[in-house]
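S.K.:
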Amino acid sequence: MLIEPAAGGLYCAAGGFHIDPWEPVDRAVISHAHGDHLRYGSRSYLCADAGRQLVAHRLGEASRVESVPYGQAVDIAGVRVSFHPAGHILGSAQVRVEHRGEVWVASGDYKRLTDPTCIPFEAVRCHTFITEATFALPLFTWDPPSTTVDEICAWWDEMRAAARPAVIFGYALGKAQRILGELARCSDRPVFVHGALVDLTEIYRASGVALPPIQRATETAKGKSFAGELIVAPLSARGSTWMRRFGDHSSAFASGWMRIRGARRRRGYDRGFALSDHADWPGILQTIDDTGAERVFVTHGYTHQLTRYLAERGLDAHAWQTRYEGEPESSE
Ligand SMILES: [Zn+2]
Ligand SMILES: [Zn+2]
Numbered sequence: 083m084l085i086e087p088a089a090g091g092l093y094c095a096a097g098g099f100h101i102d103p104w105e106p107v108d109r110a111v112i113s114h115a116h117g118d119h120l121r122y123g124s125r126s127y128l129c130a131d132a133g134r135q136l137v138a139h140r141l142g143e144a145s146r147v148e149s150v151p152y153g154q155a156v157d158i159a160g161v162r163v164s165f166h167p168a169g170h171i172l173g174s175a176q177v178r179v180e181h182r183g184e185v186w187v188a189s190g191d192y193k194r195l196t197d198p199t200c201i202p203f204e205a206v207r208c209h210t211f212i213t214e215a216t217f218a219l220p221l222f223t224w225d226p227p228s229t230t231v232d233e234i235c236a237w238w239d240e241m242r243a244a245a246r247p248a249v250i251f252g253y254a255l256g257k258a259q260r261i262l263g264e265l266a267r268c269s270d271r272p273v274f275v276h277g278a279l280v281d282l283t284e285i286y287r288a289s290g291v292a293l294p295p296i297q298r299a300t301e302t303a304k305g306k307s308f309a310g311e312l313i314v315a316p317l318s319a320r321g322s323t324w325m326r327r328f329g330d331h332s333s334a335f336a337s338g339w340m341r342i343r344g345a346r347r348r349r350g351y352d353r354g355f356a357l358s359d360h361a362d363w364p365g366i367l368q369t370i371d372d373t374g375a376e377r378v379f380v381t382h383g384y385t386h387q388l389t390r391y392l393a394e395r396g397l398d399a400h401a402w403q404t405r406y407e408g409e410p411e412s413s414e
């Protein structure tokens, strides 16, 4: 086995490195900057150039972070390692590992639909594919992003007409910036944000992603009315005192989980938008097919459902126990 789940994370013994380790290790190869894939304390980190700023920002100054462009191979103790776009968030990568003619690809998290904030997913041929399964059930199929974005824009228009603030919640890294990037299509008005989103959003902007102007909701005149304004907030802000300034507002959640019937109501949102940064069921199956892999390991999400489905179709498929978490359902 070129890569296997060890105590600290997915380990490549031939190269002496871990991919997205959950314990501190000597050499960490990182797919992307989400907290469940990027943890503190390793001696060195290697990621794709496009993700370097986010990785360095999340780890802090003291960490050693090296990066290479997408597609450029690095030799680690005779093992060829390269990063390929995963389409998940800015700088996200699949990790391709080649040793003695054998090719493995670890997907990290990925999606197949378009996203104005990152480079599209690129299928990479391999013998063994390591995939996530966050939304690996047939009920999860995404509409084209333009449809979902039209719904978000229509909701904002509606709130503007009703003079009510429109507060949309999403994951602080990736989803929030994607919402902003998508909104650039229907408006050039400034969007108000929670302070936790500012640095991350400015890293996206500095990387060349077109985003509308943002303003901290706290940096407004006391008593400012947010009537008809759009506010993007992380899940952690929900129910906090920060929310008080908006008074009577409409709330929405942008997440793949909104595809489940009743999920929006159970969580108490006025609106739900099924906008996900993970592949849907057809996207996962298409991707496995595109890789040409004969063997598949499944790391997180609906691992057993996906493994069973693939095995029934003749693939050598197995679930792995990892500490990756998938798309948060409530707070971060
Ligand atoms: Zn992720
Ligand atoms: Zn993940």
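According to my numbering, the sequence shown is numbered sequentially starting from 83.
Where is the CB? At the ideal position from N, CA and C, for every residue including glycine.
These numbers come from a predicted model, not from an experiment.
Under 6 Å Cβ to Cβ from residue 98, same chain only, skipping five residues before and after it: list those, please.
M.R.: If we look at residue 98 and ignore the five residues flanking it on each side, its Cβ neighbours are 159.
S.K.: Identify, in the order they occur along the chain, each residue of the same chain with its Cβ nearer than 8 Å to the Cβ of residue 135, setting aside the five sequence neighbours on each side.
M.R.: Cβ within range, chain order: 173, 285, 288, 289.
S.K.: Indicate the three-state DSSP secondary structure (helix, strand or coil) for residue 371 in the structure shown.
M.R.: In the structure shown, residue 371 sits in a helix (DSSP, three-state: H, G or I).
S.K.: Assign residue 395 to one of two classes, buried (16 or more other C-beta atoms within 10 Å of its C-beta) or exposed (fewer than that).
M.R.: Exposed is the call here.
S.K.: Nearer than 6 Å: is that true of the beta carbon of residue 118 relative to any heavy atom of ligand 4?
M.R.: In the structure on display, ligand 4 does not appear, and the ligands it does have are ligand 1 and ligand 2.
S.K.: In three-state DSSP terms, what is residue 174?
M.R.: If DSSP states are grouped into helix, strand and coil, residue 174 belongs with coil.
S.K.: Whole angstroms is fine: what's the gap from residue 399's alpha carbon to residue 367's?
M.R.: One C-alpha to the other measures close to 13 Å.
S.K.: Taking 6 Å as the cut-off, is the C-beta of residue 197 nearer than that to any heavy atom in ligand 1?
M.R.: Incorrect: residue 197 has no Cβ contact closer than 6 Å to ligand 1.
S.K.: Which residues in the same chain as residue 392 place their Cβ atom closer than 6 Å to its Cβ, once the five residues preceding and following it in sequence are excluded?
M.R.: Hits under 6 Å: 378, 399.
S.K.: Need the endpoints of the alpha helix (DSSP H) that residue 231 sits in, please.
M.R.: Here the alpha helix (DSSP H) through residue 231 covers 227-243.
S.K.: Less than 6 Å between the CB of residue 192 and some heavy atom of ligand 2, yes or no?
M.R.: No, since every heavy atom of ligand 2 falls outside the 6 Å radius drawn around the Cβ of residue 192.
S.K.: Can residue 168 and residue 101 be called in contact, C-beta distance under 7 Å?
M.R.: Their beta carbons are not under 7 Å apart, which means residue 168 does not touch residue 101 by this criterion.
S.K.: What are the boundary residues of the beta strand (DSSP E) that residue 107 is part of?
M.R.: Unbroken run through residue 107: none, as it is neither H nor E.
S.K.: Checking 7 Å against the spacing of the C-beta atoms, do residue 255 and residue 224 come in under that value?
M.R.: Contact flag unset, no.
S.K.: Counting along the chain, where does the beta strand (DSSP E) carrying residue 297 start and finish?
M.R.: First-last of the beta strand (DSSP E) with residue 297: 296-298.
S.K.: How long is the line joining the alpha carbons of residue 414 and residue 244, rounded to whole angstroms?
M.R.: For residue 414, the pLDDT reaches just 41, beneath the cut-off of 50, and the residue's location in the model is therefore unreliable, although a value from the coordinates is still provided. Distance between the alpha carbons of residue 414 and residue 244: 31 Å.
S.K.: Can you name the start and end residues of the beta strand (DSSP E) that residue 405 belongs to?
M.R.: Where residue 405 is concerned, there is no enclosing beta strand (DSSP E), given that its DSSP letter is neither H nor E.
S.K.: Is residue 391 a contact residue of ligand 2, with contact defined as CB to any heavy atom under 6 Å?
M.R.: Checking every heavy atom of ligand 2 against the Cβ of residue 391, none is found closer than 6 Å.
S.K.: Could you tell me the alpha carbon to alpha carbon distance between residue 353 and residue 242, rounded to whole angstroms?
M.R.: So the alpha carbons of these two residues sit roughly 15 Å apart.
S.K.: Please confirm whether any heavy atom of ligand 2 lies closer than 6 Å to the CB of residue 406.
M.R.: Checking every heavy atom of ligand 2 against the Cβ of residue 406, one is found closer than 6 Å.
S.K.: Quick one: measure Cβ to Cβ for residue 253 and residue 293, integer angstroms, because I've assumed they're closer than 8 Å.
M.R.: Their Cβ separation, rounded to whole angstroms, is 16 Å, which puts residue 253 and residue 293 out of contact at 8 Å.
S.K.: Just verifying my parser: in three-state terms, what is the DSSP assignment at residue 347?
M.R.: Here residue 347 sits in helix by DSSP.
S.K.: Step through the CB atoms of chain B and report whether any lies within less than 7 Å of the CB of residue 381.
M.R.: The question asks about chain B, but that chain is absent: this structure has only one protein chain.
S.K.: For residue 180, collect the residues of the same chain with a Cβ closer than 6 Å to its Cβ; drop the 5 residues on either side in sequence, then sort them by chain order.
M.R.: Within the same chain, residue 180 has close Cβ partners 162.
S.K.: Among 306, 215, 282, 197, which residue has its Cα nearest to the Cα of residue 190?
M.R.: The residue with the shortest Cα to Cα distance from residue 190 is 215.
S.K.: Taking the Cβ atom as the reference point for each residue, do residue 276 and residue 319 lie within a distance shorter than 7 Å?
M.R.: Yes, these two residues count as a Cβ contact at 7 Å.
S.K.: Tell me, to the nearest whole angstrom, how far the beta carbon of residue 375 is from that of residue 211; I am working on the premise that it is less than 8 Å.
M.R.: The Cβ separation is near 4 Å, so the contact holds.
S.K.: I'd like to check one pair, residue 373 with residue 208: are the Cβ atoms closer than 7 Å?
M.R.: Taking 7 Å as the Cβ cut-off, residue 208 and residue 373 qualify as a contacting pair.
S.K.: Take residue 381 as the anchor and find which of 401, 339, 231 has the nearest alpha-carbon.
M.R.: Selected option, being the one with the closest Cα: 401.
S.K.: Among the residues of its own chain, which have a CB less than 8 Å from the CB of residue 370, if the five just before and after it don't count?
M.R.: 211, 213, 378, 392, 397, listed in sequence order.
S.K.: Return the CA-CA distance between residue 63 and residue 331, expressed in angstroms with no decimal places.
M.R.: Any property of residue 63 remains undetermined from this structure, which presents the chain solely from 83 to 414.
S.K.: Which stretch, first to last residue, makes up the alpha helix (DSSP H) that contains residue 281?
M.R.: Here the alpha helix (DSSP H) through residue 281 covers 280-288.
S.K.: Check each candidate in 108, 141, 112 and name the one with the smallest Cα separation from residue 125.
M.R.: Taking only the C-alpha atoms, the option nearest residue 125 is 108.
S.K.: Under the three-state reduction of DSSP, which class applies to residue 398: helix, strand or coil?
M.R.: Of the three classes helix, strand and coil, the one that applies to residue 398 here is strand, per DSSP.
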